[in-house]
Structures are given as C-alpha cells and as structure tokens.
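S.K.: Okay, handing you the structure first.
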Amino acid sequence: MTTQSTIIEEPKAKPFPMTRMLLYVFLIGFTLIYMSPFFGAIITSLRTQDDITINGFWSIPTVVTYENYPRAWIQGRVNRYLLNSFIITIPALIGTIFLSSLSAFALARYKFPGNQLIYFTYVAGTMLPFQILILPVFLLSNSVGLYNTYWSLIITHVAFQMGFCTFVLRNFMKTLPGEIMDAARIDGASEWGIYWKIVMPLTVPGIAAVATLEFTWIFNDYLWALMLIQDDSIKPVTAGLSTLQGQFITNWPMIVAGALLAALPTLVVFFALQRYFIGGLTLGSGK
Amino acid sequence: MAVTSPPVRTKSKFDPTPYLFVIGPLLLYLVWIIGPMFYSFYLSVTDWDGISPDAKYIGLANFETLFGSLGKRRTSPFEYALVNNLKWLLTFITIPVAMGLGLAIVLNQNVKGDRFFKVGIFLPQVLSLPVIGLIWAWVYNPRDGFINPLLTSLGIADPPSWLSDKELVIWAVILAAAWRQIGYIMILYVAGLKNVDIRLLEAARLDGANAWQAFRHITFPLLAPVTTIVVVISVIDSLRSFDLVWIMTKGGPANSSTVLAVLMYIQAFNNYKMGLGAATAVVLFMISLVFIVGYLWRIMKDEMEY
C-alpha cells in the first residue's frame with residue numbers, strides 16, 4: 003500500500019462493492035417486474051379459463067396444459083393467419099429493399115437536379131402520420147381492384163416503407179469509397195453493373211440491418227391489414243388476432259396463447275438476428 | 135471527408151442515368167403516398183359520404199364542425215381525441231425518454247450480464263401492437279387479470295376497473311404503449327453513449343464533479359443529437375397511435391379513450407362521413423407537420439455541412 007500503487011491504479015477502477023450489489027438487485031428486480039406481463043401471459047396460456055375464474059391468476063395452477071396452443075393454432079386459425087403474414091411480408095420486404103436500393107444508389111452516388119428534393123421527400127414521408135393516407139389508399143386500392151387482396155397490402159407496405167429504407171441505404175452507400183466505382187467505370191462497367199455488382203454487395207451489412215427491422219415492421223402491421231383486407235382467409239396474423247379475440251371473448255388462456263403464437267416469428271427473427279436488428283435501429287437514427 | 139463525396143460528372147450534357155434509377159420507386163411513391171396525401175386534403179373540404187358518386191365542396195365546414203365541438207359541457211369525441219393525443223404525446227416525450235436514458239446510463243457502467251437486461255427490456259418492442267394490446271387487456275382484466283387480483287390480495291378493497299374507468303382508461307393504454315417504447319429509447323441511448331468519450335467523464339470526476347454534474351454538463355449535452363431523434367420518434371409514434379386503442383377499448387367507454395386516428399376511422403367507416411374523417415386526419419397532419427419541419431430542418435443543415 004505505497005503511494006506508488008495508488009498512482010498506477012486507475013482513478014475509479016473498482017467502485018464500492020455495496021453500490022454494485024444494490025445496482026444488481028435493482029436491475030434484476032426492475033427487469034423481472036418489467037417482463038412480468040409477458041411471463042404472466044405465458045403462465046396464463048398454460049392454464050384453463052375455469053381454473054383462473056375460480057382461483058384467480060395468483061394461485062397455484064390446478065391444471066397445467068399446453069392444449070391452448072394447438073387449439074389457437076387450428077380452431078383459432080393462427081396457422082392460416084401466420085401463413086398469410088408470410089405471404090404478405092416476404093414479397094413486400096423484397097420489393098421494399100430492391101426499390102429503395104435503386105433510389106438510394108442514385109441519390110448517394112450521382113449529383114443531379116432534384117436529388118435533394120427527392121431525398122427530403124422520402125425523409126419527410128417516413129414521418130407522415132399514416133392516418134392522412136388511410137382513406138385515399140383505401141379508395142385507390144378499391145378503384146384498381148386490389149382491395150381485399152394480398153397485393154393491396156404488399157404494394158402499400160412497399161410504398162410506405164420505402165421512405166425509411168431509402169433514407170438508411172442512401173446514407174450507408176454514401177460512406178462507400180468512390181474510387182472503387184471510378185475504377186470500375188474506367189474498366190468499362192455499365193452504371194447498372196456498378197450498382198448491381200459493386201455497390202450492392204458492399205451494402206449487404208446495411209441491407210441486412212434494414213431488412214431485419216423492416217421484416218418486423220411489416221409483419222407487425224395491423225392498421226393497413228384492418229383497412230385493406232376483409233376476408234378472414236387472407237388476413238395476416240395481427241388482424242387475425244382480433245377475430246380470435248372475438249371468437250374466444252372471455253377465454254384468456256386461448257387469447258393469450260394465440261397472441262404468443264402470433265409473436266413467435268418476430269421473436270425468432272429478433273433473437274437470431276439481434277445484431278442486425280439493433281444495428282438497423284441505430285443506423286436509422288444515426289443521422 | 136472528400137473521399138466519400140459522390141463523383142462529379144464532368145460532362146455538362148444531360149445524363150439520364152440517375153433518373154432511370156429513381157423513376158420506378160418514385161412513381162410508386164407519388165401514386166401511393168404523396169398523391170393520396172393531397173387527396174385527403176381535397177376530401178377534407180367535401181361532404182362525401184363514401185357511397186354517392188359525387189362529393190360537394192363545402193369549404194371549411196368540416197373543420198368548423200370539429201373545432202366548434204370543443205369546450206362544450208358534454209365533451210365531444212373530437213375533444214377527447216385531441217386531449218388524449220396530447221396526453222399521449224406529453225407522456226411519451228417525458229417518462230419513457232427519461233426511463234430509457236436512465237436505464238442506458240445504468241447499463242453503461244460495465245454491468246455484467248447487461249445483455250440480459252437489455253434484451254428483457256427491449257423485448258416488448260419486438261411484439262406487434264395487437265399482441266401487446268391483448269396481453270395488457272388481460273393484465274387489466276378485473277377478474278382474471280394480473281393487477282387487480284394482486285391489489286386485492288394486498289388488501290386494496292376496491293381496485294379501479296382500468297379499461298372501463300373513463301378517467302383512467304387512456305392512462306392505462308398509454309402505460310401499455312410506454313411499456314413497448316422504453317426499450318427502444320434505451321437502445322438508442324445505449325448506442326449514443328458509445329460515442330461519449332469516457333476520458334472526458336473521468337477528467338470531470340478528477341476535477342471534483344459529482345456524478346450528477348458530470349451527467350448534466352457532459353453526458354447529456356453530448357447526447358443531444360440522440361435526444362432530438364428520440365423526441366421526434368416519440369412525437370410521431372404518439373400521434374400515430376391507433377392499434378392499441380382499437381384492440382383494447384375501441385375508443386370507449388363513451389369515447390373517453392379515443393384518439394384522432396380512431397375517431398377518423400369511426401367517422402369514415404362506421405358513420406360514412408369521409409369528408410369529416412379526412413378533416414380529422416388533416417388536423418393530425420398539421421400537428422405533426424410542426425415536428426416534421428423542425429426535424430427536416432435539422433437534417434438539411436447536416437446535409438449542407440457535407
């Protein structure tokens with residue numbers, strides 16, 4: 003314990019252990035309470051409504067059953083709804099990324115009259131309250147005969163998500179070194195070749211991030227599904243859940259089991275692609 | 135950074151290339167987003183019912199109907215919606231922002247297992263709003279739910295019936311919304327804190343600043359860009375609110391939890407007043423415009439610095 007050692011030591015290498023302890027107690031307590039509605043929902047989904055009606059949620063379950071899941075899956079039609087969600091989300095996602103990357107490439111790599119105007123139109127569009135679009139988009143899809151089809155939702159999602167995607171990809175492409183493109187141009191590459199063979203491969207990290215995020219957003223959409231789809235057989239799972247809710251009005255274990263099944267795909271995507279997911283969020287707000 | 139600037143084309147001749155790239159997406163955007171936006175403005179000055187072939191121009195009558203309903207003894211649906219959107223907005227730009235920032239700062243202190251905490255708190259953000267709405271509808275259910283049986287067992291004899299209480303219902307819905315929002319804000323601040331130079335804070339500590347002073351005068355000002363984004367996101371999200379209200383209460387009881395988007399939906403699709411619905415959407419648009427313009431202004435200044 004000489005003065006020498008205190009000099010070598012960093013100013014605050016080890017904070018007082020007691021405060022650390024309290025910090026962990028606080029964090030664990032907070033996180034558990036924070037997640038309790040979610041855990042509570044899982045527990046409820048494994049019980050029966052009778053048990054809950056008689057004994058309340060805060061009781062030791064008399065019956066533990068996983069039966070609500072197959073029932074929600076088949077009788078609650080979550081299987082069909084989830085399939086619909088994928089039928090809508092996947093083409094919409096591909097369309098959004100492809101079209102956005104085209105504009106992003108032009109906006110990031112060329113100087114031309116209108117560049118800034120187009121860019122700001124997209125940025126402003128990301129913040130548009132979609133309520134202003136609901137009636138006209140409903141009427142528009144009606145008048146072109148797309149109302150109540152998968153396509154109405156796919157096109158609407160592509161159009162609506164393009165703003166954010168273009169914004170993120172454009173900023174990503176702007177950071178790529180210009181020399182690579184100039185070199186390719188000298189080697190006789192076409193502009194399309196530069197976009198497709200050079201810029202796009204380099205943009206993959208940005209695309210991965212934005213695609214993970216967009217998958218979740220499109221998959222989780224409820225409002226447009228409510229506005230543009232009427233037939234139960236083509237509803238995505240978000241809209242299907244309200245049908246399920248109406249079908250099993252006071253059967254909470256069933257409703258909650260359905261909701262948890264509906265959440266599964268986005269949860270899987272999130273846990274599998276966490277890095278990209280978080281990356282996408284921070285890319286979008288990095289500017 | 136000169137390296138990253140786009141190549142300047144030397145020929146002064148008109149080069150169609152960028153337009154060829156831009157035209158497809160832009161057309162879709164104009165037809166499906168920008169056009170409809172203006173069409174809403176047009177609808178808002180008509181009395182269209184959604185069925186009859188033609189709509190009559192009625193000037194600002196729809197807006198007069200809406201704003202004329204304010205301040206009556208019996209609160210109008212529009213007043214409920216406007217006030218509820220405002221409550222939502224004010225809550226969103228304060229409580230979840232403060233909590234998200236607080237959590238980010240705590241988790242930034244070299245906490246072991248910080249991933250677990252971050253994922254746990256972020257998790258609700260991954261769930262769709264209908265899923266959140268159903269979970270919380272169950273949480274608030276007086277008999278079968280989560281909160282009230284707990285309160286009763288703690289000796290509170292008459293716990294509130296959250297979603298059927300006219301005073302409480304909007305706060306109950308906002309709480310569910312905030313539950314989803316906090317993790318998002320936390321993650322944005324966590325990313326922002328990575329750019330705060332730890333040495334600055336240590337220097338301040340050596341100079342005798344306490345933790346609060348260091349936060350107040352160093353961390354918080356350095357986080358200003360993140361805070362701007364967070365506030366903009368919170369404002370936009372609170373003005374867009376529809377799904378949770380629709381799933382949990384449909385705006386009830388007696389319109390007490392309605393928001394502008396829900397009101398618009400009911401006017402247009404349940405009451406066949408397309409003109410009035412469009413006018414409500416325009417009011418909402420005007421409110422968000424203030425923030426959109428402010429944010430665009432900031433981004434534009436950044437662009438000019440390139």
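In order, the protein sequence lines correspond to chains W and Z.
With the working numbering applied, the first sequence corresponds to residues 3 to 289, in that order.
With the working numbering applied, the second sequence corresponds to residues 135 to 440, in that order.
No residue lacks a Cβ here, since even glycine has one placed at the ideal position from N, Cα and C.
Please check if any C-beta of chain W sits within less than 8 Å of the C-beta of Pro170(Z).
M.R.: As a first step, residue 170(Z) is located in the second sequence; it is residue number 36 there, counting from the start. Chain W contact via Cβ: present.
S.K.: Given Val369(Z), which residues of its chain have a CB within under 8 Å of its CB, disregarding the five upstream and five downstream residues?
M.R.: Taking the second sequence and counting its residues from 1, the one referred to as residue 369(Z) is at position 235. Leu223, Phe226, Ile227, Ser422 and Phe425, listed in sequence order.
S.K.: May I ask you to verify whether the stretch 206-220 of chain W touches the stretch 50-62 of chain W, counting CB pairs closer than 8 Å and requiring at least 3?
M.R.: In short, these stretches do not touch, since the Cβ pair count stays below three.
S.K.: Does the Cβ of Gly260(W) have 16 or more other Cβ atoms within 10 Å, making it buried, or fewer, making it exposed?
M.R.: The count along the first sequence starts at 1 and reaches residue 260(W) at position 258. Gly260(W) is buried by the Cβ-count criterion.
S.K.: What three-state label does DSSP hand Thr4(W) in the structure shown?
M.R.: As a first step, residue 4(W) must be located in the first sequence, where it is residue number 2. Caution applies to Thr4(W), whose pLDDT of 40 falls short of 50 and renders its modelled position unreliable; the value that the coordinates give is listed next. The answer is coil: DSSP assigns Thr4(W) none of H, G, I, E or B.
S.K.: Going by CA-CA distance only, name the one from Arg277(W), Asn150(W), Pro255(W) and Val201(W) that's closest to Phe107(W).
M.R.: Mapped onto the first sequence, residue 107(W) falls at position 105. For Phe107(W), the nearest C-alpha among the options comes from Val201(W).
S.K.: Between Thr98(W) and Met164(W), which are expected to be in contact by the criterion C-beta below 8 Å, what is the C-beta distance as a whole number of angstroms?
M.R.: Numbered from its first residue, the first sequence carries residue 98(W) at position 96. Numbered from its first residue, the first sequence carries residue 164(W) at position 162. Indeed, because the Cβ distance is near 6 Å, the residues count as touching under 8 Å.
S.K.: Would you kindly work out how many angstroms separate the C-alpha atoms of Leu261(Z) and Gly248(W), rounded to a whole number?
M.R.: For the purposes of this step, residue 261(Z) is taken as the residue at position 127 of the second sequence. For the purposes of this step, residue 248(W) is taken as the residue at position 246 of the first sequence. Whole-angstrom Cα-Cα distance: 20 Å.
S.K.: Can you give the beta carbon distance from Tyr149(W) to Ile89(W), rounded, assuming they're within the 8 Å contact cut?
M.R.: The residue you call residue 149(W) lines up with position 147 of the first sequence. The residue you call residue 89(W) lines up with position 87 of the first sequence. Wrong, their Cβ atoms sit about 17 Å apart, outside the cutoff.
S.K.: Counting contacts by CB-CB distance shorter than 8 Å, is Arg350(Z) in contact with chain W?
M.R.: Residue numbering aside, residue 350(Z) sits at position 216 when the second sequence is read from its first letter. Not one chain W Cβ lies under 8 Å of Arg350(Z).
S.K.: Determine, for Ser186(Z), whether the minimum Cβ-Cβ distance to residues of chain W falls below 8 Å.
M.R.: Within the second sequence, numbered from 1, the residue matching residue 186(Z) stands at position 52. So no, Ser186(Z) is outside the interface.
S.K.: For Thr67(W), which of helix, strand or coil comes out of DSSP?
M.R.: Your numbering for residue 67(W) matches position 65 in the first sequence. Coil, per DSSP.
S.K.: Looking at the secondary structure, which residues open and close the alpha helix (DSSP H) in which His159(W) lies?
M.R.: As a working mapping, residue 159(W) is identified with position 157 in the first sequence. From DSSP, the alpha helix (DSSP H) with His159(W) extends over Tyr152 to Lys176.
S.K.: Going by DSSP in three states, Tyr399(Z) sits in which element: helix, strand or coil?
M.R.: For the purposes of this step, residue 399(Z) is taken as residue 265 along the second sequence, with counting starting at 1. DSSP places Tyr399(Z) in helix when its eight states are reduced to three.
S.K.: Output the distance between the C-alpha atoms of Met438(Z) and Trp431(Z), rounded to the nearest integer angstrom.
M.R.: Looking up residue 438(Z) in the second sequence gives position 304. Looking up residue 431(Z) in the second sequence gives position 297. The alpha-carbon atoms of Met438(Z) and Trp431(Z) are separated by roughly 11 Å.
S.K.: Counting only beta-carbon separations shorter than 8 Å, does Val240(Z) have a partner in chain W?
M.R.: Working through the second sequence from its first residue, we reach residue 240(Z) at position 106. Val240(Z) counts as touching chain W.
S.K.: Which residues, in chain order, does the stretch 113-129 of chain W contribute to contact with chain Z at a C-beta distance below 9 Å?
M.R.: Those residues of the stretch 113-129 of chain W that come within reach of chain Z (Cβ to Cβ, closer than 9 Å) are Lys113, Phe114, Gly116, Asn117, Gln118, Ile120, Tyr121, Phe122, Thr123, Tyr124, Val125, Ala126, Gly127, Thr128 and Met129.
S.K.: Excluding the 5 residues preceding and the 5 following Val137(Z) in the sequence, name in chain order all residues of the same chain whose CB lies nearer than 7 Å to its CB.
M.R.: Locating residue 137(Z) in the second sequence gives position 3, where the first residue counts as 1. Note that Val137(Z) has pLDDT 46, beneath the 50 cutoff, so the model's placement of it is unreliable and the number below is only indicative. Nothing listed; no residue qualifies.
S.K.: Is the shortest distance between the beta-carbon of Ile255(Z) and the beta-carbons of chain W less than 8 Å?
M.R.: On the second sequence, position 121 is the one that residue 255(Z) refers to. Yes, Ile255(Z) lies at the interface with chain W (some Cβ there is under 8 Å from its Cβ).
S.K.: What residues in the stretch 178-207 of chain W bring their beta carbon closer than 9 Å to a beta carbon of chain Z?
M.R.: Listed by position along the chain: Leu178, Pro179, Gly180, Glu181, Met183, Asp184, Arg187, Glu193, Trp194 and Tyr197.
S.K.: Is the Cβ-Cβ distance between Pro159(Z) and Ser102(W) less than 8 Å?
M.R.: The sequence position of residue 159(Z) within the second sequence is 25, counting from 1. The sequence position of residue 102(W) within the first sequence is 100, counting from 1. In contact: Pro159(Z) and Ser102(W) (Cβ atoms closer than 8 Å).
S.K.: Is the beta carbon of Phe217(W) sitting closer than 8 Å to the one on Thr91(W)?
M.R.: Within the first sequence, numbered from 1, the residue matching residue 217(W) stands at position 215. Within the first sequence, numbered from 1, the residue matching residue 91(W) stands at position 89. Yes, the Cβ-Cβ distance between Phe217(W) and Thr91(W) is below 8 Å.
S.K.: Going by alpha carbons, who is nearest to Gly411(Z) out of Met37(W), Gly58(W), Ile134(W) and Leu246(W)?
M.R.: One-based indexing of the second sequence puts residue 411(Z) at position 277. Of the candidates Met37(W), Gly58(W), Ile134(W) and Leu246(W), the one whose C-alpha sits nearest the C-alpha of Gly411(Z) is Ile134(W).
S.K.: Tell me whether the beta-carbon of Asp377(Z) lies closer than 8 Å to the beta-carbon of Leu225(W).
M.R.: Sequence index remark: in the second sequence, residue 377(Z) carries index 243 (1-based). Sequence index remark: in the first sequence, residue 225(W) carries index 223 (1-based). A contact, by the Cβ cut-off of 8 Å.
S.K.: Which of the three DSSP states, helix, strand or coil, is assigned to Phe41(W)?
M.R.: Translated into the one-based positions of the first sequence, residue 41(W) becomes position 39. If DSSP states are grouped into helix, strand and coil, Phe41(W) belongs with the helices.
S.K.: Check whether the stretch 158-173 of chain W and the stretch 163-180 of chain Z are in contact - that is, three or more C-beta pairs closer than 8 Å.
M.R.: Counting Cβ pairs under 8 Å, three or more are found: they touch.
S.K.: Would you say Thr218(W) lies against chain Z (beta-carbon separation less than 8 Å)?
M.R.: One-based indexing of the first sequence puts residue 218(W) at position 216. So, interface residue.
S.K.: Beta-carbon of Gln249(W) versus every beta-carbon of chain Z: anything under 8 Å?
M.R.: Residue 249(W) sits at position 247 when you count from the first residue of the first sequence. Answer no: the Cβ-Cβ gap between Gln249(W) and chain Z never drops below 8 Å.
S.K.: If I follow the unbroken alpha helix (DSSP H) through Ala215(Z), where does it start and stop?
M.R.: As a working mapping, residue 215(Z) is identified with position 81 in the second sequence. That run of the alpha helix (DSSP H) goes Pro211 to Phe226.
S.K.: So which of Ile236(W), Ile157(W) and Phe41(W) has the shortest CA-CA distance to Ile96(W)?
M.R.: Within the first sequence, the letter at position 94 stands for residue 96(W). If we check each option's Cα against that of Ile96(W), Ile157(W) comes out closest.
S.K.: At a Cβ threshold of 8 Å, is Phe441(Z) touching chain W?
M.R.: In the structure as shown, chain Z starts at 135 and stops at 440, and residue 441(Z) therefore has no counterpart that could be examined.
S.K.: Given this structure, state the Cα-to-Cα distance separating Leu85(W) from Val379(Z), to the nearest angstrom.
M.R.: In the first sequence, residue 85(W) corresponds to position 83, counting from 1. In the second sequence, residue 379(Z) corresponds to position 245, counting from 1. One C-alpha to the other measures close to 26 Å.
S.K.: Kindly indicate which residue of Ala195(Z), Gly342(Z) and Leu327(Z) has the alpha-carbon position closest to the one of Val360(Z).
M.R.: As a first step, residue 360(Z) must be located in the second sequence, where it is residue number 226. Nearest option by C-alpha distance: Leu327(Z).
S.K.: Does the beta-carbon distance from Ser47(W) to Val258(W) come in below 8 Å?
M.R.: Counted from its first residue, the first sequence places residue 47(W) at position 45. Counted from its first residue, the first sequence places residue 258(W) at position 256. Yes, Cβ-Cβ distance for Ser47(W) and Val258(W) is below 8 Å.
S.K.: In angstroms with no decimal places, state the Cα-to-Cα distance between Met183(W) and Gln259(Z).
M.R.: Sequence index remark: in the first sequence, residue 183(W) carries index 181 (1-based). Sequence index remark: in the second sequence, residue 259(Z) carries index 125 (1-based). Spanning the two alpha carbons is a distance of roughly 39 Å.
S.K.: Would you check if the stretch 190-207 of chain Z and the stretch 344-353 of chain Z touch, i.e. whether three or more CB-CB distances between them fall below 8 Å?
M.R.: Short answer: they don't touch.
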